[in-house]
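A short worksheet on the structure shown next.
Residue numbers (this note's numbering), protein chains in the order written: chain A, 1 to 380; chain U, 381 to 745.
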């Protein structure tokens, strides 16, 4: 199988596969006093260091391992709510945008059902996100602002650093939350400069195992855990840590850091080549956000009059994984909320596919992708 | 691309075992569920055991993964709405009693699905219907399923002889208990799943569904055959010819719906013997028997034959004479006993052995 659906899951890095296969540590609880426990603890902290290195975190930021980015976002988004005193819920609001991942949007809906005013800002109908309009939505009543760094479906990059910096300047009490899942390992970002109180990331999006993720938290915040129990992870996340998962995340972070500059070059080269070939062979196809810089591994492609879902199936049967909108557990095909949010019609959304590739997509795989795409798009 | 087979998987035990059996013979399969109706948006209840409800897709996906078959959900909502639901409501408004399962088979499962399948290089469509396809000197024949209780050949008369060549019914030669046993042996958790019931997209009463989706039809008079007003009805879509219960009129002899007059907005009722007719007409004809299909296509009228006519699902069938003298209209006469005639329902003709589906159409008065 050729993985051109890397934004859904990157697939294990060879180094991670090797390290995980060779895993020979006696299982131990990292909180235990004995030396088995200490060894496990060392592995956990090593993984934390590697991730911190990739993200260029500073000493004011702590990494809390979670089961994934969804849990991390739930933890982060509930935090401001828990810090409210009784009867305060009516007077405050939360802010995000329509193009966020369901992990954020559904949590917003849940918060709304608990009495929070949620502002899910819709200013992208003209495709380009206006930072100025977004900032106007921040009021003295705003207690939380959540913004993704890069969109999983379109690859659109949001000016998180500029927005959070401005918000912190104007309203220092707003909790800032960044979903950095898609940006990690694909963009050169210093995550200590985002002015984010919380940053959520996912292991399997950078080549580690599934079931492991992390929430980067601002050190000055007192811990309040979504999952209650023991005092693990400095009381931010109860439950014995996922040792093998964290280990795989550490390895992936280390590899991603060492390969970042090379990967960025590969991504750029592959993306240019794919776009050129697609445009030459499918002149009707429209690359979304072609004129601006998007995630270097992501191509959102609208091919008029095709049924994207059918194309995904045909490509799959030919051995190539692509997607049409974000993966959905129920499998019910419905048009992508992100594409509708950026002003696409339902028909356009149903004709849009996403190609998201790994940095090691070979030249042979690139030609196969284009060839099968051309073969399976009906001549119009 | 190799010659693949599409297997329609509803998530029920029949279609899952159909996939299992084909997979065991080494066929290259693609499993597909058809999303036909949005239960959440249309007030249906997805906890009920029906075919095609989204919950069932989880089962289909699980089974496909277990037996190693690639599996996809296809969106057929638009087609289903246009070709099945709209027609269902329209027919009720015309005072008819439609059978949406037949439209679904004819226009969605064996047409649209087949078309989509072809684009993926699939040569045939397999389903979990209890029906069989038999080879004979005159070509392929559509035969009742072995299990009398489950036979679904009635719903399949709309197939063409050509379509039989690329259709597979892997469980038609089995009984339902045998199918469940196969599922159990293979360790499929759906082995003991309850039967799907009624019409898949309707939860609760059909008349409520029609009001909800199609709007309420106006109240009107219930009259007898002479036109005398006996009472009021609550909209013609709530009635079916032959219906006895729920008329709300007291009478010495039980009253039956004899006729639904959509134009006059009247329901005509009378005693049981008034229901009796010498025969009826059948339109929207289709023949699946090769010979009859040829004759019909070549307009070799009159076409005349005797048949066992099944007039609704789970009807035993009655001996009839069928005579076709012009395009798309068959005159059917009861030869032995009569049976209530519900316009809109399918009349399906079987051979005199009551095994082979010859063809069928929609009942008219």
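Glycine included, each C-beta is placed from N, C-alpha and C at the ideal position.
All of these numbers come straight from a predicted model, not from anything done at the bench.
Cβ proximity to chain U below 9 Å picks out 307, 309, 310, 312, 313, 314, 316, 317 and 318 from the segment 294-326 of chain A. Residue-level contact by beta carbon fails for residue 416(U) and chain A, as no gap is shorter than 8 Å. Chain order gives no chain A residues near residue 498(U), where near means a beta carbon separation below 7 Å; the closest approach is about 11 Å.
In the structure shown, residue 263(A) falls within a helical segment according to DSSP collapsed to helix, strand and coil. Any Cβ of chain A closer than 8 Å to the Cβ of residue 619(U) would place that residue at the interface, and such an atom is absent. Taking a contact as a CB-CB distance under 8 Å, the pair residue 200(A) and residue 76(A) counts as one, their CB atoms being some 6 Å apart.
At a cut-off of 3 residues, the continuous stretches assigned as beta strand (DSSP E) that sit fully inside the segment 273-308 of chain A are 298-302. By the beta-carbon neighbour count (other beta carbons within 10 angstroms, threshold 16), residue 609(U) is exposed.
Residue nearest to residue 338(A) within the set 236(A), 135(A), 123(A) and 263(A) is 123(A) (criterion: CA-CA distance). When C-beta distances to chain A are compared with 8 Å, the residues of the segment 433-457 of chain U below that value are 434, 437, 438, 441, 450, 452, 453, 454 and 455, in chain order. Every unbroken stretch of the alpha helix (DSSP H) spanning 4 or more residues and falling wholly within the segment 459-521 of chain U is given here in chain order: 466-473, 480-483 and 493-499. Among the residues of chain A, those whose CB is under 9 Å from the CB of residue 410(U) are 313 and 317, following chain order.
Among the bridge pairs identified by DSSP, residue 730(U) is matched with 688(U) and 737(U). Annotation for residue 108(A): no beta strand (DSSP E) segment contains it, though the alpha helix (DSSP H) segment containing it runs 102-113.
When DSSP states are grouped into helix, strand and coil, residue 553(U) belongs to the coil group. Non-local beta-carbon contacts of residue 164(A) in its own chain, meaning distances under 8 Å to residues more than five positions away in sequence, involve 145, 147, 176, 178, 194, 195 and 196 in chain order. Residue 299(A) and residue 275(A) do touch by the CB rule: their CB atoms are close to 7 Å apart, below 8 Å. For residue 667(U), the enclosing beta strand (DSSP E) covers residues 659-667. Here residue 350(A) carries a helix assignment [DSSP, helix/strand/coil]. The three-state secondary structure of residue 362(A), taken from DSSP, is coil. For the options 264(A), 182(A) and 240(A), the alpha carbon positioned closest to that of residue 227(A) is the one of 240(A). For residue 613(U), the enclosing beta strand (DSSP E) begins and ends at 609-613. In chain order, 385, 387, 409, 506, 548 and 550 place their CB closer than 8 Å to the CB of residue 402(U), counting only its own chain and leaving out the 5 sequence neighbours on each side.
Considering only 453(U), 406(U) and 530(U), the residue with the shortest C-alpha distance to residue 389(U) is 453(U). For residue 21(A), the three-state secondary structure derived from DSSP is helix. Just so you know, the alpha carbons of residue 82(A) and residue 91(A) end up roughly 14 Å apart.
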